[in-house]
Structure formats: structure tokens, C-alpha cells
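Counting in this note's numbering, the final residue of the sequence shown is number 592, and the numbers go up one at a time with none missing. Where a beta carbon is used, it is the ideal one built from N, C-alpha and C, also for glycine.
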Amino acid sequence: MCGIFGYVGTRKDAGALVVEGLKNLEYRGYDSWGVACSIGDGFLVKKDIGKISEVNGLQFYEECSLAVAHTRWATHGGVTKENAHPHLSCDKTIAVIHNGIIENFGEIRDELKKKGHTFVSETDTEVIPHLIEEELKTAEDFAAAVRKACLRFEGRFAILALHTASHSLVAARTGSPLIVGVGKDGYYVASDFPAFLKHTKTVQYIDNGEMLVTDGNSIIFSDLATGVEKPKREIEINWSIEQAEKGDFEHFMLKEIMDQKESVARAVNQDEEQIMTLAKAIHDAKGTFLVGCGTAAKACMAAEYFFSVIAEKHVNFAPASEFKLYHHFLKPESLLIVVSQSGETADVLDAMRVAKLKGAKVLAIVNVEGSTIAREADYTLRINAGPERAVASTKALTGQLAVLLLIAYALAGKLRQGKTLLLETSSQIAEMLNPRYVTRLKELAEKIKNDENLYIIGKSWNYPMAMESAIKIQEVSYIHAEGFAGGELKHGPIALIEQDTPCIALVGNDEVTTDVITNSIELKARGAFMIGVAPKKHEVFAEWIKVPDAGPAQAIVNIIPIQVLAYFLAVKRGKNPDMPRNLAKSVTVK
Ligand code: AGP
Numbered sequence: 003m004c005g006i007f008g009y010v011g012t013r014k015d016a017g018a019l020v021v022e023g024l025k026n027l028e029y030r031g032y033d034s035w036g037v038a039c040s041i042g043d044g045f046l047v048k049k050d051i052g053k054i055s056e057v058n059g060l061q062f063y064e065e066c067s068l069a070v071a072h073t074r075w076a077t078h079g080g081v082t083k084e085n086a087h088p089h090l091s092c093d094k095t096i097a098v099i100h101n102g103i104i105e106n107f108g109e110i111r112d113e114l115k116k117k118g119h120t121f122v123s124e125t126d127t128e129v130i131p132h133l134i135e136e137e138l139k140t141a142e143d144f145a146a147a148v149r150k151a152c153l154r155f156e157g158r159f160a161i162l163a164l165h166t167a168s169h170s171l172v173a174a175r176t177g178s179p180l181i182v183g184v185g186k187d188g189y190y191v192a193s194d195f196p197a198f199l200k201h202t203k204t205v206q207y208i209d210n211g212e213m214l215v216t217d218g219n220s221i222i223f224s225d226l227a228t229g230v231e232k233p234k235r236e237i238e239i240n241w242s243i244e245q246a247e248k249g250d251f252e253h254f255m256l257k258e259i260m261d262q263k264e265s266v267a268r269a270v271n272q273d274e275e276q277i278m279t280l281a282k283a284i285h286d287a288k289g290t291f292l293v294g295c296g297t298a299a300k301a302c303m304a305a306e307y308f309f310s311v312i313a314e315k316h317v318n319f320a321p322a323s324e325f326k327l328y329h330h331f332l333k334p335e336s337l338l339i340v341v342s343q344s345g346e347t348a349d350v351l352d353a354m355r356v357a358k359l360k361g362a363k364v365l366a367i368v369n370v371e372g373s374t375i376a377r378e379a380d381y382t383l384r385i386n387a388g389p390e391r392a393v394a395s396t397k398a399l400t401g402q403l404a405v406l407l408l409i410a411y412a413l414a415g416k417l418r419q420g421k422t423l424l425l426e427t428s429s430q431i432a433e434m435l436n437p438r439y440v441t442r443l444k445e446l447a448e449k450i451k452n453d454e455n456l457y458i459i460g461k462s463w464n465y466p467m468a469m470e471s472a473i474k475i476q477e478v479s480y481i482h483a484e485g486f487a488g489g490e491l492k493h494g495p496i497a498l499i500e501q502d503t504p505c506i507a508l509v510g511n512d513e514v515t516t517d518v519i520t521n522s523i524e525l526k527a528r529g530a531f532m533i534g535v536a537p538k539k540h541e542v543f544a545e546w547i548k549v550p551d552a553g554p555a556q557a558i559v560n561i562i563p564i565q566v567l568a569y570f571l572a573v574k575r576g577k578n579p580d581m582p583r584n585l586a587k588s589v590t591v592k
């Protein structure tokens, strides 16, 4: 997944503008960066490996009002300066940046080489400017040349292409996200709106299978395949700049963990009529599936328990990447509930599209307004967590859990009861996340920061949270962490326990508490250093992290101290929790 940002308009500082804006997209990929400014009949291009946030004082000596910038998460071609975007045509009059994959780039590159085009990189992206250059020889204009080129490409992509002669910017998308900022001084086109939020909050959405062309004065959206113009509404987005920025936190991850003092309440603040409609859709469906990836998948796993215990409704969870194996169960009466923070995850989109082909309805629970999943679903609920920029998903998860639990209560005819429980839980979280509590977790991280293995157990809805705990700790601290159902320990994993192996038990105050305490005793008997995340202290715990007694919302409160612990483990192990190695914020490629 990469970050792309372009500008065309009346401003003369387009180069500096796109570089600064790109820094707000660094969470989308950060192994290399590049910028191209249209100057005269060519481009000034600067690019290098490394993080765009570490690029300061880049000088643009000449005026420029048409520019693009790109931050890369390498897919095809290693992390090298030559592979960094933008990429140019042979005649250097076309510059392109790209997010996604051109799956048939090999055959296109061979064809272009035979026509005399030369390539300087290993990327799939570089075929784009050269194919546009070839199409421009016969097309009526630059936009038509881009359209013809894009219709040759197979795969999911978003591209920005600049043309010096027509001084225009053309964008096209077939899967990866793009959004347009409408400014008084021109148009901003980016993967995500934090790139231009300081310049404008007026946006237009470009949908899958569409393209746009703008010279900075006007903009035309059209269908990529047919060329038919598609007028777009201008929409005001309501995320403030400070929400999208770090504030006075060292990392986005800690800011977003602390945002949970308010974000759970925002998630619960849903239109009750819409919640009841969705509950009825689940009630009436013949076969309901819960699908997501990564952390969002763990929210789905927990929801399977919510629907079973609260509403006595049988729903099936499947990781989106495995959902293909369930396709034969889908029918027009089925309902697919997809959960995704970014609303752009490729595996989830694929699951949705199969379900819709089978005539099933799709409910999307997302965070990002206007995301592809949000716009393709039949029903959409937003968790209102605000921008989540750290790669590690934290406040989005608790927002997803809150919405799913609320729907389960609505399905049981107890919406009011569910809302009361969750608003109380939100207050408990706000009280829990105090400086003393955070310091306690920082001290615990200090104790176990050098351990290379860490195990987490839970039962019921705390079992998915044990697995989510493992994801959090793995992805930011690189410690080998694994989550298990407590009852599964004696069937294998307990063989892993050695003297002082740190083990965390996620506990509530409910009918399964005794079981998990028993599992903890079994672990301690084999030498484990037991850490209890529980409303009550138990003698089996060498360390006790107190959490509120939240009843069926226990999963929501239990995961939060783990998020804080994971954050400090990363920092104490010298890692950047916001940009962990090998990962990206949204996996928009399969
Ligand atoms: C979570 O911390 C990870 N970054 C990752 O597992 C993420 O949850 C997963 O890729 C799904 O992303 P989505 O919620 O945007 O669909």
C-alpha cells in the first residue's frame, strides 16, 4: 500500500505542498519517496529511499503549480532509488505515481520495449507512463490516452498521471483509494484526506472504475470504461486537523489508545432506528457471516460470541482471506457483515463482491467515511473513531466491538440495555486510562521487554482478545506472542512454558472466570510468570492489571491495557510503533 498525492491549480509552491502533504500519508508506506514538479516542458524529479518524514529542507527553486508526490511500500521491485516513484515516459513529459499492482505489467513491458521504450526500474508502475506515451500518439488528448492505457491494465490500482504539455492531472482508480480535495486555489488528489486537510475540507469521491481530469480550474469525472461523464457532489468532511494529527503524543499509537476515552462513546452513538433495521436484517437473514482481516477479524470472532450469548443467534465468522471456502453457502437471503477500519482491505472487498454476486446483502462496519467498502455495501455503520494513523489498530477495534455488541443487544430486543452498558463501559475506560495506570503498564513492559516469547489466554469473548493481544504485541514489538483459548493449553501449547515465561490471562467476572484461573494455575505450576488482566486480584497472578468489571463488554476493556503494554514494549525495544517493519496500515493488495 502506498501514499499518493497530487496538486494542480494556481499555487506556485506545488512541489513543497505535495511533499508536506505526503508526510501525512507516511503511514501508508515508508520505504522510499519521490516528487515530480512540472517545470517548463519537463519535470523536476527528486526521489530517494527512506522515510518522507525525515526529508526536510527540500529546495524547489522554480515556481511549480502541477506536482505529485509518492511514498512507497514496495511490492514489485526492491527498495531502491530507481524503483521509487514517480516514473517518467521516454520523452519526460509524463510523470506517474501509483498505488496497487499492475498484474499484467510483464507482457506490456515486453511490448513497449519492442517499440523502443527503455526502462530504468524493476517496477510494474513504470509501464504506466510509457504506455500512456504510446497511446498519446493516437489518442485525441491526454485523458483519452490515460483511459486507453488503464483499460489494458489488470489488477487493482490508483494512479495519478501528469502531463506537462496540457498542464493537467489525470487520476484513475480500480481498487486502491483516492479522494479529491476541492480548494479555492485548485484541486488536490490523494489516497487519503489527511494529505490536504489543512488546505480544504471540501471533497469529492472518485469511485472504483472511474477517472478524473483537471487543469486546476475545473474537474471532470468519468467512467473509465465508457468515458461517460459522472457529476460528483461536493461534500464537507467533519474531521478536524488536530484529530488527524498526533497532538502532544510521541506516537500516533499512544494518541489513538488514549482517544478511547471518547471513541467508544462515539461508536455507541448510532441512529437507533438504523441499528434496529440492521438487527432485523440479521434476524431475517438465512445465514449470516462475519468477515474481516487481522484485528478486525478478531472483532468478528468476538462478535460471534456476542450474537450467541446475548441474542442466541448463530452467525459464522471467517477470515476474509478464507471466505472463498464458504461461497457455496451464500444465497440471496444471506447477510455478510464485513468489519474494516480502512474500508479498503482487498480480501474483504473480494468477499463482499462475491456475496453481492450471489445476491446477498452486505453490512459494512467501517471507520473511514467514503471508503470503498462503505460505498459498495448495502448498509454502512461508521464507528466514528476518528482517523487511525498508526499501523496497529487500537481505537478502531474497541469501536468495532462496541458497535457489534450494540447490534447483538438490539437483536435480543435490548437495545437500551446495551447502550447503557456500553456508555458505562466508556466511562470506565476514561477513568482507567489515567497517567498512573499508563505508568504501571510502562513498568510492566520494562520487566518483560527482553522476553522473546509471550503467551496470552482467554475464554469466551476474551479468547479472540487473546489472539488480538498477540497481534498487537507481535506487530509493534516483534516479540513472538501467541494467543490461545485457555482450555486449549493442555492440548499442546503448554509444552512451550518454561521457567519465567511471561503469560497473560484475560479474565472477566463471569461464568468462565474460574476456568481461566484454573488455566493460569496450570501455567504457573510449570514456571510461568503470570500476569492477570482482571477486575479482581487472584493469588495466581505475579502481576495484576486491574480492569473494570464490564460484564459482556469485558473484551473491550481488557484489550486496552494490552494495547498500552504493546506500545511500551515496542518503544523500550527501540522500535517505531507507528511504522512497524513489513506492515502497512491498509492491505489494499491481495
Ligand atoms: C491491526 O493492528 C493490523 N494493522 C491489521 O491486522 C489490520 O487490522 C488488518 O489489516 C485489517 O485492516 P482493516 O481493518 O483496515 O480492514
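Which stretch, first to last residue, makes up the beta strand (DSSP E) that contains His100? Sequence index remark: in the sequence shown, residue 100 carries index 98 (1-based). 96 to 102 is the span of the beta strand (DSSP E), which, as asked, contains His100.
May I ask which residues mark the beginning and end of the beta strand (DSSP E) holding Cys152? Residue numbering aside, residue 152 sits at position 150 when the sequence shown is read from its first letter. Segment 144 to 152 is the alpha helix (DSSP H) holding Cys152; no beta strand (DSSP E) there.
Just to confirm the assignment: which complete alpha helix (DSSP H) runs, minimum length 4, are found wholly within the region 341 to 414? Whole alpha helix (DSSP H) segments, 4+ residues: 348 to 359, 374 to 378, 397 to 413.
Flag Val350 as yes when its Cβ comes closer than 7 angstroms to any non-hydrogen atom of the ligand AGP, and as no otherwise. Walking along the sequence shown from the start, residue 350 turns up at place 348. Taking 7 angstroms as the cut-off, one finds at least one heavy atom of the ligand AGP near enough to the beta carbon of Val350.
Just to confirm, does Leu585 get its C-beta within under 7 angstroms of one of the non-hydrogen atoms of the ligand AGP? Here residue 585 refers to the residue found at position 583 of the sequence shown. The answer is yes for Leu585.
Just checking Ile473 against the ligand AGP - is the residue's beta carbon closer than 7 angstroms to any of the ligand's heavy atoms? As a position in the sequence shown, residue 473 is number 471, starting the count at 1. Because some heavy atom of the ligand AGP lies under 7 angstroms away, the Cβ of Ile473 counts as near it: yes.
Going by DSSP, what residue range makes up the alpha helix (DSSP H) through Pro550? Residue mapping note: residue 550 aligns to position 548 of the sequence shown, counting from 1. It is not in any alpha helix (DSSP H) - Pro550 carries neither H nor E in the DSSP assignment.
Which value, in whole angstroms, describes the spacing of the CA atoms of Gly576 and Ile385? For the purposes of this step, residue 576 is taken as the residue at position 574 of the sequence shown. For the purposes of this step, residue 385 is taken as the residue at position 383 of the sequence shown. When rounded, the distance between both Cα atoms is 32 angstroms.
Go ahead and label Arg111 buried or exposed: buried means 16 or more other beta carbons lie within 10 angstroms of its beta carbon, across all protein chains shown. Start at 1 with the first residue of the sequence shown, and residue 111 comes out as number 109. Taking all protein chains shown into account, Arg111 has 16 or more neighbouring C-beta atoms within 10 Å of its C-beta and is therefore buried.
Work out the CA separation of Asn106 and Glu238 for me, nearest whole Å. If you number the sequence shown from 1, residue 238 lands on position 236. If you number the sequence shown from 1, residue 106 lands on position 104. Taking the straight line joining both Cα atoms gives about 38 angstroms.
Taking DSSP as the reference, what is the three-state secondary structure of Phe291? Locating residue 291 in the sequence shown gives position 289, where the first residue counts as 1. Phe291: strand per DSSP, three-state reduction.
For Asn26, count neighbouring Cβ atoms within 10 angstroms of its own Cβ and tell me buried if that reaches 16, exposed if not. If you number the sequence shown from 1, residue 26 lands on position 24. Asn26 is buried by the Cβ-count criterion.
Taking 7 angstroms as the cut-off, is the C-beta of Gly296 nearer than that to any heavy atom in the ligand AGP? Position 294 of the sequence shown, counted from the start, is the residue given in the question as residue 296. Yes, Cβ of Gly296 sits closer than 7 angstroms to a heavy atom of the ligand AGP.
Between which two residues does the alpha helix (DSSP H) holding Arg111 run? Translated into positions along the sequence shown, residue 111 becomes position 109. 107 to 116 is the span of the alpha helix (DSSP H), which, as asked, contains Arg111.
Could you pull out every unbroken beta strand (DSSP E) segment of at least 3 residues lying fully inside the region 51 to 76, listed in chain order? Correct list: 68 to 74.
Spatial neighbours of Lys539 within its chain, please: C-beta separation below 8 angstroms, excluding the five flanking residues on both sides. Within the sequence shown, numbered from 1, the residue matching residue 539 stands at position 537. Hits under 8 angstroms: Trp546, Lys548.
Identify the continuous beta strand (DSSP E) that holds Gly11 and give its terminal residues. Taking the sequence shown and counting its residues from 1, the one referred to as residue 11 is at position 9. The continuous beta strand (DSSP E) containing Gly11 extends over residues 5 to 11.
Could you round the C-beta distance between Gly5 and Leu24 to whole angstroms and report it? I think they count as a contact, below 8 angstroms. Sequence index remark: in the sequence shown, residue 5 carries index 3 (1-based). Sequence index remark: in the sequence shown, residue 24 carries index 22 (1-based). Sure, about 6 angstroms apart at Cβ, within 8 angstroms.
For the ligand MN, is there a heavy atom less than 7 angstroms away from the beta-carbon of Ala227? Looking for the ligand MN in the displayed structure turns up nothing; the ligands present are the ligand AGP.
Determine which residues share a DSSP beta bridge with Phe319 and list them. Residue numbering aside, residue 319 sits at position 317 when the sequence shown is read from its first letter. Among the bridge pairs identified by DSSP, Phe319 is matched with Leu292.
Spell out a yes or no on whether the region 43 to 54 and the region 67 to 87 are touching, meaning 3 or more CB-CB pairs, one atom from each, closer than 8 angstroms. Here the region 43 to 54 lies against the region 67 to 87, with 3 or more beta-carbon pairs under 8 angstroms apart.
Sort Val317, Ala298, Ala299, Gly296 by Cα distance to Glu306 and report the nearest one. In the sequence shown, counting from the first residue as 1, residue 306 sits at position 304. Minimum Cα distance to Glu306 is reached at Val317.
Flag this pair as yes or no: are the beta carbons of Leu413 and Lys492 separated by less than 8 angstroms? Counting from one through the sequence shown, the residue named residue 413 turns up at place 411. Counting from one through the sequence shown, the residue named residue 492 turns up at place 490. Cβ atoms of Leu413 and Lys492: not closer than 8 angstroms.
Rounded straight-line distance, which links the Cα of Gly17 to that of Glu445: To locate residue 445, count along the sequence shown from 1; it is residue 443. To locate residue 17, count along the sequence shown from 1; it is residue 15. Looking at the backbone, the Cα of Glu445 and that of Gly17 are separated by about 45 angstroms.
So who's on the other strand from Ser170, going by DSSP bridges? Position 168 of the sequence shown, counted from the first residue, corresponds to residue 170. Note: Ser170 sits in a beta bridge opposite His165.
DSSP beta-bridge partners of Pro504: In the sequence shown, the residue the question calls residue 504 occupies position 502. Listed as beta-bridge partners of Pro504 by DSSP are Phe531.
Count the C-beta pairs between the region 557 to 571 and the region 427 to 443 that are closer than 8 angstroms, then say yes if the count reaches three, no if not. Yes, the region 557 to 571 touches the region 427 to 443.
In DSSP terms, what Thr204 is bridged to: Reading the sequence shown from its first residue, position 202 is the one you call residue 204. Note: Thr204 sits in a beta bridge opposite Glu238.
Per DSSP, what are the beta-bridge partners of Phe254 in this structure? Here residue 254 refers to the residue found at position 252 of the sequence shown. In the DSSP secondary-structure assignment, Phe254 is not bridged to any residue.
Should Ser479 be counted as a contact of the ligand AGP given a C-beta to heavy atom distance under 7 angstroms? Translated into positions along the sequence shown, residue 479 becomes position 477. Not so, every heavy atom of the ligand AGP lies at least 7 angstroms from the Cβ.
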